[in-house]
Amino acid sequence: MKNPHDVAPELLPALRRFPTVALDRRPVLLFARAATRLSRTRRYDGVTIDIVADGDVKVRLYSPTGTASGAGMLWIHGGGTVAGEPVMDDLMLADVVRDLGIVVASIEYRRAPEHPYPAPLDDCAAGWLWLRRNAERLGVDPTRLAIGGESAGGGLAASLTQRLHDEGLPEPCAQWLMCPMLDDRTVIRADIDERAHPVWNNRNNRFGWRSYLGTEPGSEIVSHGAVPARRSDLSGLPPAWIGVGGVDLFADEDLEYARRLREAGVPVTVDLVDGAPHGFQSWGAGTRLALAYLARAREWLGQALGTGRASSRQKA
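Next comes the structure, spelled out in structure tokens:
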């Protein structure tokens, strides 16, 4: 992986407005949670957003107002397993819904450290089963459903896909993983521990994994069901798209997971964006680099779901 300071010049202005904070300090974590929770819902042309609560399942439901394609996706937000809310992905998911004509259910899950593994993953599994049960009502073909997520949500999406496979439950037709948090063992890599990775560094990574696992990350007692990269056999899983920035802390683990999927016979598409730090598609959403990346991501998802639609924004 490149020197983490080698950030693409066009991302630098946005990056300066998005400083790295120490989430292992309780006041900082609480402030980060509150700031996200106070995000306001905006209106997006061609998309309706509804909050749906059904028993223990709560989702933020995005639906196209135009012609629907009959496909859908369960989305899992990021936040290192300790922060984040579904609302923070409104802009990106509105583009997905509008371009592809799909329904997206973004699951609200319990967060660590108050609720360690398996609680967040259990909530995501409940959200998947809810989406399957309600597919007909939502106008969605249950065989054309993907599971996607960003950062910690991408890790949960990969873990959920593995769980469904192991339990013989209906699986997604595709995995859509943005800068996924896949391997707790990254926290014990001395060669990267002191690098100043922008946005999400190994200090925050250690706190996130310790909070989620309820034990020390990188140890031998960690449950393999909690960590996607610890799974020894990746064969039989659905096709995957993995996107990550070249100066993201997760770049190495994401590329290694993609390599292992490919070796196991799973179709994999990797989009490695040179000079991009963690989550650049969110905090740098208006940049050429982010727009092109998201257009390519939507293009792949549309093909995987058989929507017959191309992204409305030009690929680069």
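When we follow my numbering, the leftmost residue of the sequence shown carries the number 61, and every step to the right adds one.
We treat Cβ as the ideally placed atom computed from N, Cα and C, and that holds for glycine.
Within 7 Å, strictly: CB atoms of residue i and residue j
{"i": "LEU321", "j": "LEU365", "result": "no"}
{"i": "GLY140", "j": "GLY126", "result": "no"}
{"i": "GLY278", "j": "VAL304", "result": "no"}
{"i": "PRO202", "j": "GLY274", "result": "no"}
{"i": "VAL164", "j": "TRP135", "result": "yes"}
{"i": "GLY362", "j": "LEU160", "result": "yes"}
{"i": "ALA212", "j": "GLY306", "result": "no"}
{"i": "TYR317", "j": "LEU242", "result": "yes"}
{"i": "ILE207", "j": "PRO232", "result": "yes"}
{"i": "ALA68", "j": "LEU332", "result": "no"}
{"i": "PRO337", "j": "ASP312", "result": "no"}
Per-residue burial, residue i [other beta carbons within 10 Å of its own, 16 or more giving buried]
{"i": "PRO79", "result": "exposed"}
{"i": "SER123", "result": "buried"}
{"i": "SER292", "result": "exposed"}
{"i": "GLY339", "result": "buried"}
{"i": "LEU151", "result": "exposed"}
{"i": "ILE109", "result": "buried"}
{"i": "ALA217", "result": "buried"}
{"i": "GLY112", "result": "Going by the sequence as given, residue 112 is Val instead of Gly. VAL112 is exposed by the Cβ-count criterion."}
{"i": "TYR353", "result": "buried"}
{"i": "GLU196", "result": "exposed"}
{"i": "ARG356", "result": "buried"}
{"i": "ARG17", "result": "What is shown of the chain runs 61 to 376, which leaves residue 17 out entirely."}
{"i": "GLN374", "result": "Low confidence applies to GLN374: its pLDDT is 48, below 50, so where it sits in the model is not reliable, and the reading given next is rough at best. GLN374 should be labelled exposed."}
{"i": "ILE10", "result": "Only positions 61 to 376 of the chain appear in the structure, and residue 10 is not among them; the question remains open."}
{"i": "ARG319", "result": "exposed"}
{"i": "ASP183", "result": "buried"}
{"i": "ILE281", "result": "exposed"}
{"i": "ASP334", "result": "exposed"}
{"i": "ILE270", "result": "Going by the sequence as given, residue 270 is Arg instead of Ile. It counts as buried."}
{"i": "GLY66", "result": "Here the sequence assigns Asp to residue 66, which means Gly is not the residue at that position. Its Cβ having fewer than 16 others within 10 Å, ASP66 is exposed."}
{"i": "ARG77", "result": "exposed"}
Nearest to residue i (by Cα), restricted to the options the options
{"i": "PRO298", "options": "PRO230, ARG171 and HIS175", "result": "PRO230"}
{"i": "VAL289", "options": "HIS338, GLU168 and THR221", "result": "Looking at the sequence shown, residue 289 is not Val but Ala. Out of HIS338, GLU168 and THR221, THR221 has the C-alpha closest to the C-alpha of ALA289."}
{"i": "LEU315", "options": "VAL142, PRO146, MET238 and ASP155", "result": "MET238"}
{"i": "VAL142", "options": "TYR272, GLY296, PRO240 and ALA318", "result": "TYR272"}
{"i": "PHE310", "options": "GLY215, GLU145 and GLY344", "result": "GLY215"}
{"i": "ASP149", "options": "GLY199, VAL333, ARG102 and LEU242", "result": "ARG102"}
{"i": "SER219", "options": "GLY199, LEU181 and ALA250", "result": "LEU181"}
{"i": "LEU390", "options": "ALA352, GLY344 and LEU354", "result": "This structure cannot settle anything about residue 390, because the visible part of the chain is limited to 61 through 376."}
{"i": "ALA250", "options": "GLN235, ARG266 and LEU242", "result": "ARG266"}
{"i": "VAL147", "options": "ALA357, THR347, ASP253 and SER342", "result": "SER342"}
{"i": "GLY285", "options": "ALA179, ASP66, ALA234 and PRO73", "result": "ALA179"}
{"i": "GLU210", "options": "ILE281, GLU145 and TYR104", "result": "GLU145"}
{"i": "ALA300", "options": "VAL330, GLU276 and VAL287", "result": "VAL330"}
{"i": "PRO173", "options": "ASP253, GLY268, THR347 and GLY296", "result": "GLY268"}
{"i": "ALA234", "options": "GLY296, GLY335 and ASN194", "result": "GLY296"}
{"i": "LEU75", "options": "THR367, LEU351 and THR347", "result": "THR347"}
{"i": "LEU121", "options": "TRP236, ARG77 and VAL200", "result": "VAL200"}
{"i": "GLN367", "options": "ASP155, TYR104, LEU351 and ILE162", "result": "Here residue 367 turns out to be Thr, not Gln, going by the sequence shown. Nearest of ASP155, TYR104, LEU351 and ILE162 to THR367, Cα basis: ILE162."}
{"i": "LEU351", "options": "ASP155, PRO73 and TYR104", "result": "ASP155"}
{"i": "ASN360", "options": "LEU198, TYR104, TRP236 and PRO73", "result": "In the sequence as presented, Asn is not what sits at residue 360; that position holds Trp. Ranking LEU198, TYR104, TRP236 and PRO73 by Cα distance to TRP360 puts TRP236 first."}
Any non-hydrogen atom of the ligand NAD closer than 6 Å to residue i Cβ
{"i": "TYR272", "result": "This structure does not include the ligand NAD; it has no bound ligands of any sort."}
Cutoff 7 Å: residue i Cβ touching any chain B Cβ
{"i": "VAL328", "result": "The structure shown contains no chain B; it holds only a single protein chain."}
**OP:** Specify whether the stretch 320–338 and the stretch 212–228 touch according to this definition: at least 3 beta carbon pairs, one from each stretch, less than 8 Å apart.
**Re:** Verdict: no, contact absent.
Subject >> Within the stretch 103–182, ranges of the beta strand (DSSP E) (whole runs, at least 3 residues) >> reply: Taking only runs of at least 3 residues, the beta strand (DSSP E) segments lying wholly in the stretch 103–182 are 107–114, 117–124, 132–136 and 163–167.
Subject >> the stretch 256–268 in contact with the stretch 121–135 per 3-pair CB rule at 8 Å >> reply: With the rule of 3 Cβ pairs closer than 8 Å, the stretch 256–268 does not count as touching the stretch 121–135.
**OP:** Pair every Cβ in the stretch 110–117 with every Cβ in the stretch 177–192, then say whether three or more of these pairs are closer than 8 Å.
**Re:** Judged by Cβ distances under 8 Å, the stretch 110–117 makes contact with the stretch 177–192, as three or more pairs qualify.
Original post:
Touch check for the stretch 166–186 and the stretch 232–252: three-plus C-beta pairs under 8 Å?
Top reply: Put simply, the stretch 166–186 does not touch the stretch 232–252. Fewer than three CB pairs are less than 8 Å apart.
Original post:
Considering only residues of the stretch 218–257, which uninterrupted alpha helix (DSSP H) runs meet the minimum length of 4 residues and lie entirely inside it, listed in chain order?
Top reply: Taking only runs of at least 4 residues, the alpha helix (DSSP H) segments lying wholly in the stretch 218–257 are 250–253.
Original post:
Which parts of the stretch 282–355 are runs of the alpha helix (DSSP H), unbroken and 4 residues or longer, counting only runs that do not cross its ends?
Top reply: Taking only runs of at least 4 residues, the alpha helix (DSSP H) segments lying wholly in the stretch 282–355 are 311–323 and 340–343.
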